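Just so you know, we're using the numbering used here here: the sequence shown kicks off at 6 and counts up by one. Below: one structure, written as structure tokens.
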Amino acid sequence: MLQWYDPRVSGLVPKDQIGRTLSEGQAKDLMWTPDVIVTNTELQGRSVISTSFHISVDGMVNKTQRLLVKIKENFDGKEFPYDQQALHVLLASASYMTDDVQLVPMVTANLSDIGASSFDKSDWTFLFHDLKVFEESVGSLKKSRAQFVMHVLRDASPYMSSTIFPEIMIVVLSFTVFLFPVNPGFAMPRVSSAVIAFLSMLTISTRTSAMLPEVRRGLVWMELFEVVCKMLLFIVIMLNILVETVFHSWQQPELAKQLVFELRLAFPVVAGLSLAACSVATGKHLELFCDAVRSALLLVTAIFILSVFRRSRNYASMQK
């Protein structure tokens with residue numbers, strides 16, 4: 006909605022009326038218009054639904070126009086699917102410079118209800134809106150522009166139920182590898198459970214890739230979460246192979262049972278801390294955070310494996 010004052014339009018109102026409504030074609034032929042348009046639309050991405058001009062005898066003009074536009078916007082998907090976006094709508098006169106037309110926010114306009122209802126049937130929740138006016142100078146081009154910004158929050162519940170919770174369940178199920186008895190009869194179930202969990206994670210991550218924003222730079226939060234889950238499953242496979250090696254190849258069943266007991270206690274703690282750390286990661290340093298978590302998991306695993314080699318030598322010397 007646009008509003009401006011032009012005393013010349015009072016002559017267009019019949020004497021027995023206080024106002025008159027004109028179509029867009031009539032207004033262009035009979036009166037001056039500021040020619041304000043949405044400037045950040047795609048090519049041929051603007052469709053006019055309706056336009057009307059209401060003029061009053063006091064010279065006040067109100068232009069109401071409904072548009073269907075495709076806005077060019079750069080999304081920041083670093084924190085997907087918990088991201089917030091700022092949707093910008095830029096307005097400016099297509100014909101006049103700052104000296105001729107200056108835009109001023111309408112104090113009486115109420116756009117909160119309109120913005121909130123526009124996202125009722127989408128995956129976004131309307132938070133608040135901003136409206137400001139500024140002047141832009143590019144060479145000899147000086148324009149008065151208005152910027153309407155709608156801040157929205159993505160609804161992450163569909164991604165929680167279809168991706169995040171299943172991946173957490175797979176990590177929990179992989180932990181059951183350490184609940185099987187360390188006996189030859191359970192060797193195949195232990196190995197197959199760990200490998201199947203890892204393959205299931207790869208399958209889900211393939212589906213997740215289709216959900217990620219097409220245009221993005223660097224790592225997003227969802228990818229960080231999946232990297233941590235894959236690292237935990239990889240560690241389960243490696244440690245399970247280590248336990249089987251200690252039991253079958255090194256012929257140290259007591260040490261193997263002790264390792265399984267330790268892993269039953271340690272793995273839930275390590276996995277819980279790793280997944281909890283993902284919840285505090287922000288979009289600014291996701292790559293650094295991912296490398297830090299990955300390095301920490303590898304370091305803890307390497308220390309545990311080295312301790313197993315040391316204890317195995319001590320166990321072998323005690324048997325002699």
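All residues carry an ideal CB built from backbone N, CA and C; glycine is no exception. Treat the numbers as computed from the prediction; the structure is a model and nothing was measured.
Item, Value
"Where are the alpha helix (DSSP H) runs, 4 residues long or more, that stay fully inside the segment 148 to 196, in chain order?", "170 to 180"
"Using 8 Å for Cβ pairs, my map puts F252 next to A261. What's the rounded Cβ distance?", "4 Å"
"Between V233 and V285, how many whole angstroms is the CB-CB distance? I'm expecting something under 8 Å.", "Going by Cβ atoms, the distance from V233 to V285 rounds to 13 Å, so no, they are not a contact pair."
"Count the CB pairs spanning the segment 228 to 242 and the segment 302 to 319 that are closer than 8 Å, and state whether there are at least three.", "yes"
"Is the distance from the Cβ of V157 to the Cβ of F124 below 8 Å?", "yes"
"Does DSSP put T69 in a helix, in a strand, or in coil?", "strand"
"May I ask you to report which of helix, strand or coil DSSP gives H134?", "strand"
"In the DSSP assignment, find the beta strand (DSSP E) that holds R51 and state where it starts and stops.", "46 to 61"
"Mapping the DSSP letters down to three states, classify I201 as helix, strand or coil.", "helix"
"Could you give the C-beta distance for K75 and E47, rounded to a whole number, given that I count them as a contact under 8 Å?", "4 Å"
"By Cβ distance, which residues of its chain are closer than 8 Å to V18, with the 5 residues on each side in sequence left out?", "G24, R25, I60, S61, V62"
"Over what stretch of residues does the alpha helix (DSSP H) that includes Q31 continue unbroken?", "29 to 35"
"From A307 to G277, what distance separates their C-alpha atoms?", "19 Å"
"Consult DSSP for F314 and reduce its assignment to one of helix, strand or coil.", "helix"
"Spatial neighbours of P258 within its chain, please: CB distance less than 6 Å, with the 5 preceding and 5 following residues excluded, ordered by chain position.", "F252"
"If you reduce the DSSP assignment to three classes, tell me which class L302 lands in.", "helix"
"Count the other C-beta atoms from every protein chain shown that fall within 10 angstroms of the C-beta of P39, then say buried if there are 16 or more, exposed otherwise.", "buried"
"Please report how far the alpha carbon of F230 lies from the alpha carbon of T287, in whole angstroms.", "12 Å"
"What does G24 pair with, by DSSP beta-bridge criteria?", "S61"
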